[in-house]
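Residue numbering for the first sequence follows numbering that gives the first Met the number 0, beginning at 0 and increasing consecutively.
Beta carbons: idealized from backbone N, C-alpha and C, even for Gly.
Contents: one structure, followed by commentary.
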Amino acid sequence: MGVQLGPLLPRTEVGLEELRGKRVAVDALNFLYQFLAIIRQRDGEPLRDSRGRITSHLSGLFYRTANLLEAEIYPIYVFDGKPPELKRRTLEERRVVRERAAEEWERALREGRLEEARRYAAQAATVEERVVEDAKRLLRLMGVPFVQAPAEGEAQAAHLVRRGDAWAVASQDFDSLLFGSPVLVRNLALTGRRKLPGKDVYVEVRPEVVELERALSELGITREQLVDVGILVGTDFNEGVKGIGPKRALELVRKHGSLEGIEREGVRVEDFEGIRRIFLEPEVSDEYRIEWGQPEVEGIKGFLCGEHDFSEDRVQSGIQKLLRGRGGRQSSLERWF
DNA sequence: CAAGGAAA
DNA sequence: TTTCCTTGG
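This is the structure:
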């Protein structure tokens, strides 16, 4: 998922204090997907209300947003629009992987292999339209702004940062850097425990910051060249060149300057100009408004507790955090924005 | 993932 | 208090 540039990029771990007072453009789909993948029981079943509707995404979004606001970190959620045509193949591949995982989940469950079942269940997670609608409705009730991207959410989020409407993009993927976001925050969560891909092992994970300019200067390349590195290793819009990982890709780009130079050495890269354009001239919009509102306390309770069986006590304490985050009343936010 | 009670 | 572990919906 996303471009595999992780091993190349310098990161700095940060504490929540360093993020205080900052606005962050959150890749909403990235957050929602993770909530759906991870907020599950042992057998892999997600949280559901009494009518069987999945609620994992609501739980994750509500409590995390409440925590961020209490920490005076201000999320602006950015939702994906229409994916570029070049992404179609990736999306299709992901669908196949999910369907296979769903079958394996069922099989593992039948055979009593609970740990594996849970892992497959996570892989089978899908962000359906209702999940997105639920998320937008909850954000409106919480008074938290969201922006609808015309195309890629990460591109629009990067655009917000470039325009000064946010300090950083929050996502687990590195794509926003290729889209030109000066700053990326990963692991933007409050309790820093996360499951490792492999087993049922948890490690402490702190938020980490990647700065584009610093990364480029340490790698000794330009953003255009970083995009070329990404294209060599593979993105959501192309497969990448077989046998070339991040390290070799960087070497090749440094040595030959660009994909054109690399092709002269005999390495074929499929139709890269369209992919470059996606990253370097992304489809983004200036037609958005970022408006913070007061939380609608009764609306939140009605939605989460009334419709989806959340505990009144827990939701109430989440609402307290929302209110504390904005200085108890309506004062502090107006100061920042 | 996050909350909150149990255990240390 | 802090950490561990189970439940949440």
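Positions of the alpha helix (DSSP H) runs, each at least 4 residues long and wholly inside the segment 218 to 301, are given as 222 to 232, 245 to 255, 258 to 263, 271 to 279 and 296 to 300 in order along the chain. A distance below 8 Å separates the beta carbons of residue 75 and residue 146. Considering only 40, 179 and 255, the residue with the shortest C-alpha distance to residue 214 is 179. Listed in chain order, the alpha helix (DSSP H) runs fully inside the segment 120 to 191 are 128 to 141, 152 to 161 and 174 to 177, counting runs of at least 4 residues. Shortest Cα-Cα distance from residue 87 to any of 291, 236 and 25 involves 236. A residue is called buried once 16 or more other Cβ atoms fall within 10 Å of its Cβ, and residue 126 is buried on that count. Secondary structure at residue 6: helix, using DSSP grouped into helix, strand and coil. Counted as a single uninterrupted DSSP element, the beta strand (DSSP E) harbouring residue 78 occupies residues 73 to 78.
Per DSSP, residue 26 lies in no alpha helix (DSSP H); the unbroken beta strand (DSSP E) holding it starts and ends at 22 to 26.
For residue 210, the enclosing beta strand (DSSP E) stretches over residues 207 to 210. For residue 12, DSSP records a beta bridge to 207.
Secondary structure note for residue 50: it is in no alpha helix (DSSP H), with a DSSP letter that is neither H nor E. Per DSSP, residue 81 is not a residue of any alpha helix (DSSP H), being assigned neither H nor E. Between residue 208 and residue 13, the C-beta gap is smaller than 8 Å, which places the two residues in contact.
DSSP places residue 318 inside the alpha helix (DSSP H), whose first and last residues are 311 to 324. For the options 98, 297, 280 and 188, the alpha carbon positioned closest to that of residue 65 is the one of 188. Annotation for residue 107: the continuous alpha helix (DSSP H) segment containing it runs 87 to 109. Leaving aside the five residues that flank residue 119 on each side, the residues in its chain whose CB is nearer than 8 Å to its CB run, in chain order, 43, 100, 101, 103, 104 and 107.
In this structure, residue 19 and residue 71 form a Cβ contact; the two beta carbons are roughly 5 Å apart against a cut-off of 8 Å.
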